[in-house]
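Notes for the one structure printed next.
Number of protein chains: 2
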Amino acid sequence: MSATPDPGPVSAHPTTSLDETVHQRHRLGILTITAEAESADFGYLRDALGLTPGNLSRHLTVLEEAGLVQVSKGFRGRRPRTWVRITRKGRTALAAEISALTALLRGHEPAGH
Amino acid sequence: MSATPDPGPVSAHPTTSLDETVHQRHRLGILTITAEAESADFGYLRDALGLTPGNLSRHLTVLEEAGLVQVSKGFRGRRPRTWVRITRKGRTALAAEISALTALLRGHEPAGH
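Chains as they are written, first to last, in my numbering: chain B, 1254 to 1366; chain R, 1254 to 1366.
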């Protein structure tokens, strides 16, 4: 019965269901690359994402502590290698992020379309 | 001519073109809502995004300092109101984010599709 215009019901915006552990752009990059590949090499991730080794390590630690990736060390020939594999929990978390982004993009077509 | 498997050329991943000012989930929420509406009320944004007033204020300051939104204060009747309007630069930045997310989602359909 208010005389002021009603802006309509407020419902949860798609961004409220984004998880910052997954949404942070570099971690989103790590998860999408490892979801595509069987497992990804540390150096490959570093170059593809344009990160310093220290920065990549920090993001991997966040993801590993959240149970979203597994990091293992080994050798290829004599060269030490670090491999990153997405976990089942990581795939589930990435799927949730992608669903939320898809909902967000619905109705927000890129300019020119 | 190397005997080790070549992981293929490393090209820039879509997440490398995401701008953290825009990509942060609450700021992405503010920009998408204000891009849809002519302008959005502070209280509406707070409720739609599930933010505390202090948290919303901090994100608005980041966006305003980057020139992506304009915040103005006024009255509706006797009640003080704060309105948020996206700028032209904000629309351009949001379009760039949406293009990068669209590129990222291409080939990452939600599970079940």
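Note that CB positions come from ideal geometry on N, CA and C, so glycine has one too.
Computed from a predicted model, the values in this text were never measured in an experiment.
Check: Buried versus exposed, by CB contacts within 10 Å (16 or more), A1301(R); Outcome: buried
Check: is_contact[I1351(R), chain B] using C-beta, thresh 8 Å; Outcome: yes
Check: Chain R residues whose Cβ lies nearer than 7 Å to that of R1278(B); Outcome: T1268, L1271, E1273 and H1276
Check: Minimum Cβ-Cβ distance from A1301(B) to chain R less than 8 Å; Outcome: yes
Check: Collapsed DSSP secondary structure at A1319(R) in the structure displayed; Outcome: coil
Check: Unbroken alpha helix (DSSP H) run spanning R1280(R), endpoints; Outcome: R1278 to E1289
Check: Range of the contiguous beta strand (DSSP E) that encloses R1332(R); Outcome: R1332 to I1339
Check: Cβ contact check for the region 1281-1298 of chain R and the region 1332-1351 of chain R: 3 or more pairs under 8 Å; Outcome: yes
Check: Counterpart residues of F1295(B) in DSSP-defined beta bridges; Outcome: BP columns for F1295(B) are empty, so no partner.
Check: Partners in chain R for A1265(B), counting only beta-carbon separations shorter than 9 Å; Outcome: A1301, L1302 and G1303
Check: With 16 other Cβ atoms within 10 Å as the buried cut-off, status of T1314(R); Outcome: exposed
Check: 8 Å Cβ cutoff, L1321(R) in contact with chain B; Outcome: no
Check: Beta-bridge pairing of S1325(R) - partner residues as DSSP gives them; Outcome: W1336(R)
Check: Collapsed DSSP secondary structure at R1359(B) in the structure displayed; Outcome: coil
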